[in-house]
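Residue numbers (the numbering used here): 885 to 1168.
Notes to accompany the following structure.
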């Protein structure tokens, strides 16, 4: 037996399950009227029937059913594009479909701890008036600056799971209270996380984190089942700080070219809510 073969086989099986569940979720959200088909009668499940989707994609019903059952089938790029067209997938969803199906992109997280090199730490420290942190593969916060600490609270006392961005969003009540638009932020963040982590689908470390979050949060559990994905977005984040009250930031995520599995997230204070003054007072 080749070392690691069992784990790799388990990972591929988990990816097939994720691929199958994503297909099924996109099929069930698509109304017959959206693709020019009659509604008909006696529809016991939402969305299109499997045979309808197979017809639209130009594949056999049995073969498509096997895909949704997670069988070990390797559709071509042409077939994947046909499925994406039939399902009316947007660009983020199409990319997600391809990533889940591509065994070459399947990556297993090393057991070695992730680290941030010294030049990047120095850059973080010099962002004196912009809260910023570095995320790892699982969106664990690996390094941060003082501005991030005064805005979001200390990270030093948190363990690895507690420093995870998804864990803070869904399982940390204090962090949840910071976010004025918590539901909107959480749903978009979850969709970005799912799209970003598709290449690690089935990885045991990711599976453990997801199981933990499902247990900790009913919202995470319900929204995870929807299989929503979006491309990385910048945007406005409104904070209700326990000391300074309402503050407003524009957040931007940047992939590091030297470490593409890592991201630098920067919060730029805006004029709204007198944010610059409030942040300066927190940093004084």
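Heads up, the beta-carbon is just placed ideally off N, CA and C, and yes, glycines get one too.
All values derive from a computational prediction rather than experimental measurement.
Rounded to the nearest angstrom, how far is the Cβ of residue i from that of residue j, given a contact under 8 Å?
i            : j            : result
residue 946  : residue 1087 : 31 Å between Cβ atoms; not a contact.
residue 936  : residue 951  : Residue 936 to residue 951, Cβ: 15 Å. No contact.
residue 1035 : residue 1015 : 5 Å
Looking at the strands, I want to know which residues DSSP matches up with residue i.
i            : result
residue 1018 : 1027, 1148
residue 1121 : 1133
residue 1153 : 1133
residue 1139 : 1147
residue 1004 : DSSP lists no partner for residue 1004.
residue 1063 : 1123
residue 1048 : 1024
If you check the beta carbons only, do residue i and residue j fall under 8 Å apart?
i            : j            : result
residue 1064 : residue 1123 : yes
residue 1027 : residue 1008 : yes
residue 1047 : residue 1069 : no
residue 1053 : residue 1125 : no
residue 1050 : residue 1097 : yes
residue 898  : residue 980  : no
What number of angstroms, rounded off, separates the C-alpha of residue i from the C-alpha of residue j?
i            : j            : result
residue 1155 : residue 1017 : 22 Å
residue 1144 : residue 911  : 32 Å
residue 982  : residue 953  : 17 Å
residue 1004 : residue 941  : 47 Å
residue 1159 : residue 1104 : 30 Å
residue 1129 : residue 1165 : 12 Å
residue 975  : residue 948  : 22 Å
residue 1075 : residue 1060 : 17 Å
residue 1100 : residue 1055 : 6 Å
residue 923  : residue 1067 : 33 Å
residue 917  : residue 1115 : 27 Å
residue 900  : residue 1141 : 30 Å
residue 1152 : residue 1137 : 11 Å
residue 1133 : residue 1013 : 12 Å
residue 943  : residue 1094 : 33 Å
residue 1085 : residue 963  : 21 Å
Of the choices the options, whose alpha-carbon is the least far from that of residue i?
i            : options                : result
residue 1081 : 956, 1112, 963         : 1112
residue 1167 : 1052, 1022, 1037, 1053 : 1037
residue 1073 : 1091, 931, 1149, 1044  : 1149
residue 997  : 961, 1044, 971         : 1044
residue 968  : 931, 956, 1001, 906    : 906
May I ask whether a heavy atom of the ligand GDP can be found less than 7 Å away from the beta carbon of residue i?
i           : result
residue 944 : Inclusion of the ligand GDP in the displayed structure is not the case, the ligand content being empty and no account of it being possible.
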